[in-house]
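Below you'll find the structure, written out as structure tokens, and then a few comments.
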Amino acid sequence: DTGVSQDPRHKITKRGQNVTFRCDPISEHNRLYWYRQTLGQGPEFLTYFQNEAQLEKSRLLSDRFSAERPKGSFSTLEIQRTEQGDSAMYLCASSLVELDYEQYFGPGTRLTVT
Amino acid sequence: DQQVKQNSPSLSVQEGRISILNCDYTNSMFDYFLWYKKYPAEGPTFLISISSIKDKNEDGRFTVFLNKSAKHLSLHIVPSQPGDSAVYFCAARLNQAGTALIFGKGTTLSVSS
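Listed in order, the protein sequences are those of chains A and B.
Quick note on this note's numbering: the first sequence kicks off at 341 and runs consecutively.
Quick note on this note's numbering: the second sequence kicks off at -11 and runs consecutively.
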């Protein structure tokens, strides 16, 4: 399967712990996006990369959140000092630059902070 | 303030009939609109898109209509199948403001056989 993959699919952590999620985009896609989805809402944009450069961050991305895409391939999203309000589905998507409105999503990582 | 609104949380349709999902938006600077389908425990799956310069786009059983004057778009599924039962999200991209998609809250479609 050559779709977007995310790991882990589920993560349960205690408040105050750090967590890291990984996303592997579709191989030929040079744009990679992170979104967050909470219950009853649509996905909300967090940040995106073009190759290894992080080009945009949402105001939702507090300073406890950091994202990287070191070699322009996979990306990681780290949340430090997790809070219960961080509980959500974290979605990764990828696209081609020339078709950046057609974003293809991975299965998501479900984070539960207890 | 929600820029993309899906005012119907749910829709029930019989197999073989037409499903019409609606979406309203407020920002005239959106340049592309998309529909995604989402099954439980999976990420959203891209279905169909339409440019703001067009009023219709068709792909198999799926057709999206755009009415710019009313700031309204709709997704028609004909004929509806039980496998179409899912949450459908309308999304829009803000021209020249980055590439983030802005999503509505979704409409749950149930197709009964």
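Just so you know, even glycine gets a beta-carbon here, dropped at the ideal spot from N, CA and C.
Item                                                                                                                                                                                 : Value
Only counting runs of 3 or more residues, tell me where the beta strand (DSSP E) segments fall wholly within the segment 67 to 94 of chain B, in order along the chain.              : 74 to 82 and 89 to 91
Under 7 Å, Cβ to Cβ, is there at least one residue of chain B near aspartate 403 of chain A?                                                                                         : no
Using a Cβ-Cβ cut-off of 7 Å, state whether proline 28 of chain B counts as contacting chain A.                                                                                      : no
Could you tell me whether the segment 423 to 432 of chain A touches the segment 369 to 388 of chain A, where touching means 3 or more Cβ pairs closer than 8 Å?                      : yes
State whether the segment -8 to 4 of chain B contacts the segment 32 to 51 of chain B, with contact taken as three or more CB pairs (one from each stretch) at a distance under 8 Å. : no
Pull up the CB-CB distance for tryptophan 23 of chain B and isoleucine 6 of chain B, whole angstroms please, since I reckon it's below 8 Å.                                          : That pair is no contact at about 15 Å.
Roughly how many angstroms lie between the CA atoms of threonine 452 of chain A and valine 344 of chain A, to the nearest whole one?                                                 : 22 Å
Over what stretch of residues does the beta strand (DSSP E) that includes alanine 428 of chain A continue unbroken?                                                                  : 428 to 435
Quick check: what's the CA-CA separation for proline 28 of chain B versus asparagine 391 of chain A?                                                                                 : 30 Å
Return no unless some Cβ of chain A is closer than 7 Å to the Cβ of tyrosine 20 of chain B.                                                                                          : yes
Kindly indicate the opening and closing residues of the beta strand (DSSP E) around phenylalanine 414 of chain A.                                                                    : Segment: none, phenylalanine 414 of chain A is in no beta strand (DSSP E) and carries neither H nor E.
Out of B/Phe34, B/Ser57 and B/Met17, state which residue places its alpha-carbon closest to the alpha-carbon of lysine 25 of chain B.                                                : B/Phe34
Kindly list, in the order they appear in chain A, the residues whose Cβ is closer than 7 Å to that of phenylalanine 91 of chain B.                                                   : Gly382 and Pro383
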